[in-house]
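K.L.:
The structure follows.
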Amino acid sequence: MATAETRAPTRREQAIAILREVGEDGISKSEMKKRLGGNPGAFRRLMQSMEDKGEMLVTEENWPTCGPTKVLRLPA
2 MATAETRAPT RREQAIAILR EVGEDGISKS EMKKRLGGNP GAFRRLMQSM
52 EDKGEMLVTE ENWPTCGPTK VLRLPA
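Residue numbers (this note's numbering): 2 to 77.
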């Protein structure tokens, strides 16, 4: 049986770590997808679940580098 010290972090734990790393600037949804990798359907379900549970905030913003994009951040 794997312990918390020996098991690999879940995708949810990885996503939260990425959101902590980027801080208040947030990260685009497409960049999060690149960093997490994996199945597109599982990614979509994870993002929806995290938003529904209040684990992250999703806003649509106009970024100069890519135009309108969904930005992910940790809640305040």
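Positions of the beta carbon are idealized from the N, C-alpha and C atoms, including for glycine.
1) Determine the extent of the alpha helix (DSSP H) in which glycine 42 is found, giving its start and end residues.
2) Is leucine 73 near methionine 48, with beta carbons less than 9 Å apart?
3) Going by CA-CA distance only, name the one from Glu25, Glu62 and Phe44 that's closest to alanine 77.
4) Among Met51, Lys71 and Lys54, whose alpha-carbon lies nearest the alpha-carbon of threonine 60?
5) Using a Cβ-Cβ cutoff of less than 6 Å, which residues in the same chain neighbour methionine 51 once the five nearest sequence positions on both sides are dropped?
P.N.:
Here's the rundown:
1) Within the sequence shown, numbered from 1, the residue matching residue 42 stands at position 41. 41-53 is the span of the alpha helix (DSSP H), which, as asked, contains glycine 42.
2) On the sequence shown, position 72 is the one that residue 73 refers to. On the sequence shown, position 47 is the one that residue 48 refers to. Contact: yes.
3) In the sequence shown, residue 77 corresponds to position 76, counting from 1. Per the Cα distances, Glu25.
4) On the sequence shown, residue 60 is found 59 positions in, with the first residue counted as 1. It is Lys71 whose Cα lies nearest to the Cα of threonine 60.
5) By one-based count along the sequence shown, residue 51 stands at place 50. So the list reads Met57, once near-sequence residues are dropped.
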